[in-house]
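Same order as they appear, the protein sequences are chains A and B.
All the letters of the first sequence, read from the start, carry residue numbers 2 to 516 under the working numbering.
All the letters of the second sequence, read from the start, carry residue numbers -14 to 74 under the working numbering.
Glycine residues also receive a C-beta, built at the ideal position from the N, C-alpha and C atoms.
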Amino acid sequence: MSMTDHQRLGLKERYALMTRDLAWDTTYQPMDKVFPMVHYEGIKIHDWDQWSDPFRMTMEAYWKYQAEKERKLYAIIDAFAQNNGHLGVTDARYINTLKLFLTGISPLEYMAHRGFTHVGRQLPGAGPRVACLMQALDEIRHAQTQVHSMSNYNKYYNGFHDFAHMIERVWYLSVPRSFFDDAYTAGPFEFMIAIGFSFEYVLTNLLFVPFISGAAYNGDMGAMTFGFSAQSDEARHMTLGLESIKFMLEQDPDNLPIVQRWIDKWTWRGTRVLAIVAMMMDYMLPKKVMSWKEAWEIYFEQNGSALFNDLARYGITPPKCIEWAAVDKEHISHQAWATLYQYGAAAPFHTWSPTPEELDWLSEKYPNTFDKYYRPRYEYWAEQHKAGNRFYNTTLPMLCQVCQIPMLFTEPTDPTQICYRESDYKEDKYHFCSDFCKEIFDNEPEKYVQAWLPVHQIYQGNCFNPDVDPTAPGFEPLPAVLDYYHLAAGRDNLDFEGSEDQKNFAAWRNLAGRD
Amino acid sequence: MSNVFIAFQRNEETRDIVDAIVEDNPAAHVDLQPAMVKIDAPGHLVIKRQSIEDRMGRTFDLQELQVHLITLSGHLDENDDEFSLSWAN
């Protein structure tokens, strides 16, 4: 056909031609052999052609708009680097959010890339395969643009030097990593719900929208541009996740209980991982856009209830964990920051006591909980620090077998009591942070008994470099673990107060005449 | 009724896009935040190609929204003339 004919085709026709006319059923080998993973999860699909991408994106349009996004993004990143943009951020404490981002989130983008290439190969429908292909390309773009953008900071600040090594080893990074390991090792349909629904719909809206708006507010053009550029793809990913859920539910009534269990499981998995983002918003952004609680109400409660009300026509009920999470929203950021503050000797970024003004902001934003449960603790630590006793906890915490977060969350009925749950499985006892992590384990114990729990691994002697002898007299385990993490003790870790980052930022700002 | 929403980066092009949305959706609420703009509407929101073209004074392909889009919520339906979001409740 000529170009003119092509241009006369509407969006729907172009999409249909690409996803229907270019697909075929195999004949040399039966389809079941070519797509071996499509049945074992129990999901029944009768007509893959019923699946459709509402954006109706063709490859031609995809390349065109993605190229445009990249041109805009790199123009901004170049300008930011050329203009010493790092000196324009509100204060150097902010830069620590980027260390968490690079070590804890960017590697997940790469894992998502791998996941979607795998799942795109396993789904027989042409529509979802094309959508998975695009998402796989998006995800590797996100990993690359984040690494490029944050490499500017690596030239000047500590802690950015070895994220790919750290994601496999550092204790708190096992939280986001295990989320993706769990999704990636599930079947293709569960992966679509884990990532398309939980990660995209629940998580990224909270991370890439209010947090990135906060990055912009704190003067970080680099993070603003990679964040919004990534989230423009996420809008397509959320649509894919929602379309996948609807498609499974419309194809066969037997799919409902399976999909419901995955929605319950992954809503909770996503909620737990968000504790890190909660703390970034409430404690790590020097200038605040909104509190974690406010962001949660807008992007999870309002948006989530709109979604669950909508899915009610298929028989989906809102996950039970939502009520628990509604209590947690007033606690988790304070509990997570308190934990990282205590373990600030073992993390490759700096922690600090909130300033008196920041404490007042937290009191105002959390009138039901902050003054009563958290403010006294932070004030006590700040006093101790002033007196020369900065508190570092050197006892390793117990971890939840499923979400891998230290036991730091409290009972929903009593914020003074740490929440512990346990299950027995084949002679061993397993520990959980909540009813829902326990339920996830009880549904698939053979999967979660294999969890690589950093604290267990340290105690078993698996987190030292090969030349280390833990039986040597006077052996100190913590420095040996930090070496294994490639963390330079005294430089990358400890309090922000007195850090090299703090001193350099102040000196360079002064030289640049910015203060 | 649940709200649908859409958010864009704030720039010269989205100024026209947001103006067009506001005119075509009288119930829409516009929330300006640092570097972004979020538009909420009860139940339904439509973005019309013609309204954007009238403001920009040039042809506009609705798929260009991809470049400025940050996030959205609701079921999406897109054709050459309209981009709509809705909840069925």
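Query: I'd like the list of long-range same chain contacts for ARG21/A, defined as Cβ closer than 6 Å, with 5 residues on each side in sequence excluded.; Result: none
Query: Specify the secondary structure class of PHE36/A as computed by DSSP and reduced to three states.; Result: coil
Query: Could I get the ranges of all uninterrupted alpha helix (DSSP H) runs contained in the segment 249 to 324 of chain A, with 4 residues as the minimum, in chain order?; Result: 256 to 274, 276 to 280, 293 to 297, 304 to 312
Query: By the 10 Å Cβ neighbour count, where 16 or more other Cβ atoms means buried, how is THR205/A classified, buried or exposed?; Result: buried
Query: Which of the three DSSP states is assigned to VAL450/A in this structure?; Result: coil
Query: Using the beta-carbon of each residue, which ones in chain B are nearer than 9 Å to GLU69/A?; Result: GLU49, GLN51, VAL52
Query: Quick one: is PRO27/B near chain A, going by C-beta distance under 7 Å?; Result: no
Query: For LYS45/A, which option in LYS266/A, ASP496/A, PHE190/A, ASP311/A has the closest C-alpha, if you only look at C-alpha atoms?; Result: PHE190/A
Query: Which residues mark the beginning and the end of the alpha helix (DSSP H) in which GLN67/A is found?; Result: 60 to 83
Query: Measure from the alpha carbon of ASP496/A to the alpha carbon of each residue in PHE181/A, TYR426/A, THR417/A, GLN343/A, then state which is nearest.; Result: GLN343/A
Query: At the level of alpha carbons, what is the spacing between GLU380/A and THR340/A?; Result: 15 Å
Query: Could you work out which residues of chain A lie near THR56/B, taking near to mean beta carbons separated by less than 9 Å?; Result: THR205, ASN206, PHE209, VAL210, GLN232, SER233, GLU235, ALA236, MET239, TYR300
Query: Mind checking if ASP65/B is an interface residue toward chain A, Cβ cutoff 7 Å exclusive?; Result: yes
Query: Can you pull the chain B residues whose beta carbon is under 7 Å from the beta carbon of TYR218/A, in chain order?; Result: PRO19
Query: Does ALA62/A get closer than 7 Å to chain B when you measure Cβ to Cβ?; Result: yes
Query: Report yes or no: do three or more beta-carbon pairs, one from the segment 72 to 79 of chain A and one from the segment 140 to 160 of chain A, lie closer than 8 Å?; Result: yes
Query: Please confirm if THR(-1)/B has its CB atom under 7 Å from at least one CB of chain A.; Result: no
Query: Hey, how far is the Cα of PHE157/A from the Cα of PHE229/A?; Result: The residue asked about is misnamed: residue 157/A is Tyr in this sequence, not Phe. Each residue's Cα considered, the two are about 24 Å apart.
Query: Using 8 Å as the threshold, is the segment 233 to 244 of chain A in touch with the segment 25 to 34 of chain A, meaning 3 or more CB pairs across them?; Result: no
Query: Does DSSP classify LEU243/A as helix, strand or coil?; Result: helix
Query: Rounding to the nearest angstrom, what Cα-Cα distance links SER69/B and PRO55/A in this structure?; Result: 10 Å
Query: My output table needs one value for TYR426/A: the three-state DSSP class, helix, strand or coil.; Result: strand
Query: Using a Cβ-Cβ cut-off of 7 Å (strictly less than) and excluding sequence neighbours within five positions of GLN136/A, which residues of its own chain qualify?; Result: PHE117, HIS238, LEU241
Query: In chain A, which residues lie with their C-beta within 7 Å of the C-beta of ASN10/B?; Result: Those within 7 Å of ASN10/B in chain A number zero; the least Cβ separation is about 17 Å.
Query: Thinking C-beta only, is ASP265/A closer than 7 Å to TYR177/A?; Result: First, the residue type needs correcting, since residue 177/A is Pro and not Tyr in the sequence shown. Not in contact: PRO177/A and ASP265/A (Cβ atoms no closer than 7 Å).
Query: Between the Cα of GLU8/B and the Cα atoms of SER71/B, GLY42/B, GLN35/B, which residue gives the shortest distance?; Result: GLN35/B
Query: Please check if any C-beta of chain B sits within less than 7 Å of the C-beta of LEU103/A.; Result: no
Query: Going by Cα to Cα distance, which pick from SER245/A, ALA337/A, ALA296/A, ALA327/A is closest to ILE277/A?; Result: ALA337/A
Query: So, for SER53/A: in the same chain, excluding its five sequence neighbours on each side, which residues have a beta-carbon less than 6 Å away from its beta-carbon?; Result: GLY128
Query: Could you tell me the alpha carbon to alpha carbon distance between ALA82/A and ASN153/A, rounded to whole angstroms?; Result: 6 Å
Query: What do you reckon, are the CB atoms on ALA62/A and GLN48/B nearer than 7 Å?; Result: yes
Query: By the DSSP assignment, the alpha helix (DSSP H) with SER36/B in it spans what residues?; Result: 34 to 41
Query: ASP255/A and SER334/A: beta carbons closer than 7 Å?; Result: no
Query: Should MET222/A and GLY86/A be called a contact, given that it needs their Cβ atoms to be closer than 7 Å?; Result: yes
Query: Within a Cβ cutoff of 6 Å, which residues of the same chain sit near ALA(-8)/B, ignoring the five residues on either side of it in sequence?; Result: MET21, LYS23, ILE55, THR56
Query: Is there a C-beta anywhere in chain A that falls below 7 Å from the one on GLN35/B?; Result: no
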